[in-house]
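Asks: I'd like to ask some things about the structure below.
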Amino acid sequence: MSKSLQSLQIGDITLTWLVGGLTQLDGGAMFGVVPKPLWSRRYPSNELNQVPLRSDPILIQAHGKNLLLESGMGNNRLTDKQKRNYGLVQESQIHESLALLGLSVEDIHLVLMTHMHYDHSNGLVSINEDGELYSTFSQAKIYVNQIEWDEMRSPNIRSRNTYWKENWQPIQQQVLTYEDSVEVLPGITLIHTGGHSDGHAILVIESQGKKACHMADIMPTHAHQNPLWVMAYDDYPMQSIYAKEKLLKAFIQENVWFTFYHDAFYRAIRWNEQGEVIDSIPVER
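Dropping the structure here:
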């Protein structure tokens, strides 16, 4: 692991990307009905048609608190078959990442979950030498949209493959839910959008006239900037399209930084109204 972590300053709020894991998923699934000759120009695939996807949580330091946005792929949470199916290349290095900042998992006050699919929530739960599961961030409150929390505990025939009881049972006493939106700390707000999942949310961060937006999985990478480019994984693709179209237009006019959890090429980007990149933080290799 690199001895330095990448960060972004939004006013007096600091965002730092931790090492949460790397997978390789099918490019067709990641870009849905978009033809490969189009998406592969912006996000290249390997010979197996797989695209690299990080799962890097963002540490948010604000108002004297340590917040974590998403939780990473976790460690020893996948079977060998799942590792093959999900193209796991790298597991989480959350403990090591936090140690570089002089922190530990016990120092996390809040965990903010945009949704609870396994690639976002695996890191919430750890496994000990006896095979027992326990909460990774034992001192933290965990924010999840109420719709998302309900579906996670009672998944349907489609969603049960990504909502695992192992990822909610050990943390259920720590969970706080909300309906449309919640300001978890001044200037840090989770907003329900639906789309990728019924309870999917985005995060908006504002401080000292600066602003960042984490669109999570309705815009998982910079290559999904086009509102019509949505994943085959989306449960409600038209909701994703409508939400992304509305939000992108408004946020770009406000000169907002867009941050990413999955993008293997960019940590954050600012676009102008013509869709051109005017500033970016490339992923350091």
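In this text, residue positions in the sequence shown follow the numbering used here: the first is 19, and each later residue adds one. Beta carbons are placed, not taken as given, at the ideal position from N, Cα and C, and that holds for glycine. Note that this is a predicted model, so its numbers are computed, not measured.
If you run the structure through DSSP and keep just helix, strand and coil, what is residue 35?
Replies: Residue numbering aside, residue 35 sits at position 17 when the sequence shown is read from its first letter. Strand.
Asks: Below 8 Å on the Cβ atoms is my contact criterion, and I expect residue 143 with residue 151 to pass it. Report the Cβ-Cβ distance as a whole number of Å.
Replies: In the sequence shown, counting from the first residue as 1, residue 143 sits at position 125. In the sequence shown, counting from the first residue as 1, residue 151 sits at position 133. Contact holds; Cβ gap of about 5 Å.
Asks: What's the C-alpha gap between residue 195 and residue 177?
Replies: Sequence index remark: in the sequence shown, residue 195 carries index 177 (1-based). Sequence index remark: in the sequence shown, residue 177 carries index 159 (1-based). Roughly 20 Å separates the two Cα atoms.
Asks: So if DSSP puts residue 84 in a beta bridge, which residue, or which two residues, is it bridged to?
Replies: Walking along the sequence shown from the start, residue 84 turns up at place 66. 79.
Asks: Taking the DSSP output, what are the residues bridged to residue 70?
Replies: If you number the sequence shown from 1, residue 70 lands on position 52. 42.
Asks: Rounded to the nearest angstrom, what separates residue 120 and residue 79 at their Cα positions?
Replies: As a position in the sequence shown, residue 120 is number 102, starting the count at 1. As a position in the sequence shown, residue 79 is number 61, starting the count at 1. Cα to Cα, residue 120 sits roughly 13 Å from residue 79.
Asks: Does the Cβ-Cβ distance between residue 263 and residue 245 come in under 7 Å?
Replies: For this step, residue 263 is matched to residue 245 along the sequence shown. For this step, residue 245 is matched to residue 227 along the sequence shown. Contact: yes.
Asks: Report the residue from 168, 138, 173, 193 whose alpha carbon sits nearest the alpha carbon of residue 159.
Replies: Numbered from its first residue, the sequence shown carries residue 159 at position 141. Ranking 168, 138, 173, 193 by Cα distance to residue 159 puts 193 first.
Asks: So, at 8 Å on beta carbons, what are the nonlocal neighbours of residue 247 in its own chain, with the 5 sequence-adjacent residues on each side left out?
Replies: What you label residue 247 is simply residue 229 of the sequence shown in a count that begins at 1. Excluding sequence neighbours, residue 247 sits near 49, 50, 52, 57, 241.
Asks: Taking all protein chains shown into account, do 16 or more other C-beta atoms lie within 10 angstroms of the C-beta of residue 198, making it buried, or fewer, making it exposed?
Replies: Within the sequence shown, residue 198 is the residue found at index 180, counting from 1. Under this definition residue 198 is an exposed residue.
Asks: With DSSP collapsed to three states, give me the class of residue 163.
Replies: Along the sequence shown, one-based indexing puts residue 163 at 145. Reduced to three states, the DSSP call for residue 163 is strand.
Asks: Please report the residue range of the beta strand (DSSP E) in which residue 17 lies.
Replies: Any property of residue 17 remains undetermined from this structure, which presents the chain solely from 19 to 303.
Asks: Kindly provide the ranges of any alpha helix (DSSP H) runs that are 4 or more residues long and lie completely inside the segment 157-238, ordered along the chain.
Replies: Runs found: 164-171.
Asks: With DSSP as the reference, please indicate the residues paired to residue 277 in a beta bridge.
Replies: Counted from its first residue, the sequence shown places residue 277 at position 259. DSSP lists 232, 286 as partners of residue 277.
Asks: Would residue 261 and residue 211 be called neighbours here (beta carbons separated by less than 7 Å)?
Replies: Within the sequence shown, residue 261 is the residue found at index 243, counting from 1. Within the sequence shown, residue 211 is the residue found at index 193, counting from 1. A contact, by the Cβ cut-off of 7 Å.
Asks: Is the segment 54-71 close to the segment 26-36, with three or more CB pairs under 8 Å?
Replies: Segments in contact, no.
Asks: What three-state label does DSSP hand residue 104 in the structure shown?
Replies: One-based indexing of the sequence shown puts residue 104 at position 86. Three-state result, residue 104: coil.
Asks: Could you compute how far the alpha carbon of residue 116 sits from the alpha carbon of residue 122?
Replies: Taking the sequence shown and counting its residues from 1, the one referred to as residue 116 is at position 98. Taking the sequence shown and counting its residues from 1, the one referred to as residue 122 is at position 104. Going by the C-alpha atoms only, they are around 6 Å apart.
Asks: So which of 255, 41, 219, 293 has the shortest CA-CA distance to residue 106?
Replies: Taking the first residue of the sequence shown as position 1, residue 106 is located at position 88. The residue with the shortest Cα to Cα distance from residue 106 is 41.
Asks: Just the C-alpha distance for residue 169 and residue 73, rounded to the nearest angstrom, thanks.
Replies: As a working note, residue 169 is residue 151 in the sequence shown. As a working note, residue 73 is residue 55 in the sequence shown. Their backbone Cα atoms lie some 22 Å apart in a straight line.
Asks: Under the assumption that residue 138 contacts residue 88 (Cβ atoms under 8 Å), give the Cβ distance between them as a whole number of angstroms.
Replies: For the purposes of this step, residue 138 is taken as the residue at position 120 of the sequence shown. For the purposes of this step, residue 88 is taken as the residue at position 70 of the sequence shown. Contact flag correct, Cβ pair sits at about 5 Å.
Asks: State the beta-bridge partners of residue 27 as determined by DSSP.
Replies: Here the question's residue 27 lines up with position 9 in the sequence shown. Partner(s): 32.
Asks: Less than 7 Å separating the beta-carbons of residue 134 and residue 110?
Replies: Within the sequence shown, residue 134 is the residue found at index 116, counting from 1. Within the sequence shown, residue 110 is the residue found at index 92, counting from 1. Result no, Cβ atoms of residue 134 and residue 110 do not sit closer than 7 Å.
Asks: Where does residue 52 sit, in a helix, a strand or coil, going by DSSP?
Replies: On the sequence shown, residue 52 is found 34 positions in, with the first residue counted as 1. Here residue 52 sits in coil by DSSP.
Asks: Within a Cβ cutoff of 6 Å, which residues of the same chain sit near residue 93, ignoring the five residues on either side of it in sequence?
Replies: In the sequence shown, counting from the first residue as 1, residue 93 sits at position 75. If we look at residue 93 and ignore the five residues flanking it on each side, its Cβ neighbours are 109, 110.
Asks: Between residue 219 and residue 209, is the Cβ-Cβ spacing less than 7 Å?
Replies: For the purposes of this step, residue 219 is taken as the residue at position 201 of the sequence shown. For the purposes of this step, residue 209 is taken as the residue at position 191 of the sequence shown. Result yes, Cβ atoms of residue 219 and residue 209 sit closer than 7 Å.
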